[in-house]
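If you read the protein sequences in the order shown, they are chains A and B.
Counting from 1, one number per residue, gives the positions in the first sequence under my numbering.
Counting from 1001, one number per residue, gives the positions in the second sequence under my numbering.
Glycine included, each C-beta is placed from N, C-alpha and C at the ideal position.
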Amino acid sequence: MGICLPNPGEAHINGVIVPEEKAYEEAAKQFLMAKVPTIFPGPLVLWAWNEKAAKKATAIRHLYNTLKECVQPGQTPMLIPMPDYRPKYPKINPEVEINPNHPNLTIWHNKIDCCMFVGVHCHQANLALKIIRGGTSCYTVAMCAQAGHEDAMLSFRDASVEKIMKLAEWVRKLKGTVQPRLTSAKSGASN
Amino acid sequence: MSKERIKISEDLYDIMPSDYQDLVKSATYGKEDRGWKDIGNSKELIEQHSLCAGCPESMAFRYILASLPNPEDTVMVGSTGCTSLVFPMVAVHNIHSLFGNQNAIASGLKRALSVRFPGRTKDVVVLAGDGATVDIGLDMTLQAWFRQEKFTTICFDNELYANTGGQESGLMQKGFVAKMAPVGKLFDKVRLPEIARESGCHYVVQCTVSKPSLIEKVVRNAVMISREIGPTYLQLYTPCILEIGKNSMEGLQEMRDSEKPTERFAYKEYISEPAKQLLAEMAAKDKEKKAAAKQLASQGA
């Protein structure tokens, strides 16, 4: 059988429903362990189509800045946009963007081993997460504004500015306590 | 205007690819008198394309996208064919329909948009090749016209199925031999402009895309008439230079040769009475606006 999505106040880690606090801790750990922890903001936050979107964008930038401050030498956090969903194959420049129709190109190119999607419409996030899960060894986190994503390895639900800020707090809290996977043979994305 | 929503979040502006930044900074969304002369002076709504070098379809795309009166509130519906290779690079909302279904999709879309956004002008423009419009999708094309659906249908007529290797299409000229049609076409080219007129289209034009100013005029007219009155149809000759054995730089000349008065793409236009009236009103308003602007300028001088 498939996995159940979390209820409000919960999240899931590898399909197991957990209290949200546990998921913050695990997501922060995964970010701090990764060689290239990456945030993929989608159109719902990249475009300032309402005030809330702009505030979420500010929170995402804060999370990225926190990550940069908290990682160790050799780790390279990235912030790569998914500006829209057009299937721009093969023109996409994987250094500067990710596309839901072939997200693996960006994962492979930048050797991303942990990523978080935020502000991506559900159906496109599902598509991208499935492709990443099937074709790479990248750890996937979904900061979902709706009910969560079963295709992510870790998924929050009801994403808000507060939740993004809280994740940043957890990253700061765990700074220095997590050993990065810098020397692991299989670190980074593989196909 | 939804143009106000075309704004990048300030905190993530720097990570946006430059083509998106350019679209926000210098594209002509919301510009009232936008047209083909903006090409070169502003960011175009097409970011490169994957068509063959020198393909007239790419010219047609550029002129049409530069001429849409309301691109920020327009949805284009495409279909399978060379055109579908371009839509991923187009900065106007678009839907890729099943082969031939484009006018059915556009019908539902237009109606849904009118219900969802009652106070806002939303244009729907179908853009498909001749295979989708005249062969596989003829039923859907005609039924949309019979029902007087308020959207524009544009057919890129290259007279064959180009990207599958050159099969015979309904719009192929009689006697033409293509790579995948070695016997030669036995029947006349389907007279879709005449059929469109009889099927209830209020504005029908057949022409080539050799003249950007003409394309600007007919696209604008077609969209405005479909918005207010009913269906409109444009059949634009965009020859497939590969399939007719021409070189990259010969597409324009091919179109010029084919639009001579005795040739099959001589300019053809039909305008219904209500559409004529609307165009006259539009022209009068434009005149008034220009006169007012002139007066203002002279007062300022």
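Beta-carbon spacing of residue i, residue j below 7 Å
i, j, result
"P103 (chain A)", "I131 (chain A)", "yes"
"A1132 (chain B)", "L1160 (chain B)", "no"
"V141 (chain A)", "A27 (chain A)", "yes"
"S1248 (chain B)", "A1053 (chain B)", "yes"
"A1275 (chain B)", "H1202 (chain B)", "yes"
"A1162 (chain B)", "C1082 (chain B)", "yes"
"F1176 (chain B)", "I1136 (chain B)", "no"
"A152 (chain A)", "L129 (chain A)", "yes"
"L5 (chain A)", "A125 (chain A)", "no"
"L182 (chain A)", "I13 (chain A)", "no"
"H1049 (chain B)", "V1077 (chain B)", "no"
"P73 (chain A)", "M1016 (chain B)", "no"
"S1199 (chain B)", "L1142 (chain B)", "yes"
"Y1237 (chain B)", "F1265 (chain B)", "yes"
"P83 (chain A)", "Y1020 (chain B)", "yes"
"I3 (chain A)", "E10 (chain A)", "no"
"H1093 (chain B)", "V1075 (chain B)", "yes"
"V120 (chain A)", "G15 (chain A)", "no"
"V1209 (chain B)", "A1060 (chain B)", "yes"
Burial state of residue i, where buried means 16 or more other Cβ atoms lie within 10 Å
i, result
"T1152 (chain B)", "buried"
"D1011 (chain B)", "buried"
"G1251 (chain B)", "buried"
"D1286 (chain B)", "exposed"
"V1134 (chain B)", "buried"
"K1043 (chain B)", "buried"
"Y1267 (chain B)", "exposed"
"D1038 (chain B)", "buried"
"V1204 (chain B)", "buried"
"A1292 (chain B)", "exposed"
"A1112 (chain B)", "exposed"
"F1156 (chain B)", "buried"
"A185 (chain A)", "Summary for A185 (chain A): the model assigns pLDDT 41, below 50, so the residue's position carries little reliability; its value from the coordinates is reported in the next sentence. Label assigned to A185 (chain A): exposed."
"R1062 (chain B)", "buried"
"N191 (chain A)", "The pLDDT assigned to N191 (chain A) is 46, lower than 50, so where the model puts this residue is not dependable; a value taken from the coordinates is nonetheless given after this. Under this definition N191 (chain A) is an exposed residue."
"G188 (chain A)", "In this predicted model, G188 (chain A) has a pLDDT of only 48, less than 50, meaning its place in the structure is not dependable; the value taken from the coordinates is given anyway. Flag for G188 (chain A) reads buried."
"N1103 (chain B)", "buried"
"T136 (chain A)", "buried"
"P1088 (chain B)", "buried"
"K1290 (chain B)", "exposed"
"R157 (chain A)", "buried"
Cβ shell of residue i (< 7 Å), same chain only, five flanking positions each side left out
i, result
"I39 (chain A)", "I60, L63, Y64, L79, M116 and V118"
"E1004 (chain B)", "none"
"G1230 (chain B)", "Q1148, K1150, G1200 and H1202"
"L167 (chain A)", "Y24, A27, A28 and L63"
"S1058 (chain B)", "H1049 and L1051"
"F1146 (chain B)", "S1199 and G1200"
Endpoints, beta strand (DSSP E) assigned at residue i
i, result
"S155 (chain A)", "L154 to F156"
"L1236 (chain B)", "T1232 to Y1237"
Neighbourhood of residue i by C-beta, 8 Å cutoff - its chain only, sequence neighbours within 5 removed
i, result
"V171 (chain A)", "A28, F31, L32, L63, T66, L67 and C70"
"A54 (chain A)", "A48"
"T1186 (chain B)", "It should be noted that the sequence gives Leu, not Thr, for residue 1186 (chain B). So the qualifying residues of the chain are K1174."
"P180 (chain A)", "L32, M33, A34, K35, V71, Q72, G74 and Q75"
"D1257 (chain B)", "E1263"
"K22 (chain A)", "A11 and I13"
"V1190 (chain B)", "V1134, G1170 and L1171"
"L46 (chain A)", "A57, P81, M82, P83 and G119"
"P8 (chain A)", "R157 and D158"
Segment limits, alpha helix (DSSP H) that includes residue i
i, result
"G134 (chain A)", "C122 to G135"
"A1222 (chain B)", "P1212 to E1228"
"T58 (chain A)", "E51 to C70"
"M143 (chain A)", "Looking at the DSSP string, M143 (chain A) is not in any alpha helix (DSSP H); the run it does join, the beta strand (DSSP E), is Y139 to M143."
"M165 (chain A)", "V161 to K173"
"Y1203 (chain B)", "That residue, Y1203 (chain B), is in no alpha helix (DSSP H); its beta strand (DSSP E) goes Y1203 to T1208."
"L1012 (chain B)", "Looking at the DSSP string, L1012 (chain B) is not in any alpha helix (DSSP H), and its letter there is neither H nor E."
Sequence-distant residues of its chain with Cβ nearer than 6 Å to residue i (five each side left out)
i, result
"K175 (chain A)", "C70"
"A1091 (chain B)", "L1023 and L1045"
"P94 (chain A)", "L105, T106 and H109"
"S1107 (chain B)", "A1144 and E1149"
"S1169 (chain B)", "D1130, G1131, D1135, L1160 and Y1161"
"Y1270 (chain B)", "R1197 and V1204"
"A145 (chain A)", "A159"
"M1172 (chain B)", "E1159, L1160 and K1185"
Interface residues of chain C facing residue i [CB-CB closer than 7 Å]
i, result
"T58 (chain A)", "Absent from the structure is chain C; the protein chains it does hold are A and B."
Identify every run of the beta strand (DSSP E) within the stretch 1046 to 1104 of chain B, keeping only runs that are complete inside it and at least 3 residues long; order them along the chain. Contiguous beta strand (DSSP E) elements confined to the stretch 1046 to 1104 of chain B occur at 1074 to 1078 and 1093 to 1096, taking only those with 3 or more residues.
Any chance you could list the alpha helix (DSSP H) runs of at least 4 consecutive residues sitting entirely within the stretch 1240 to 1285 of chain B, in chain order? 1251 to 1258
Every unbroken beta strand (DSSP E) within the stretch 1114 to 1191 of chain B, with a cutoff of 3 residues, ordered by chain: Listed in chain order, they are 1123 to 1129 and 1152 to 1157.
Let me know the beta strand (DSSP E) ranges lying completely inside the stretch 12 to 39 of chain A, each 3 residues or longer, listed in chain order. 16 to 19
Runs of beta strand (DSSP E) lying entirely within the stretch 79 to 126 of chain A, each at least 3 residues, in chain order: 114 to 118
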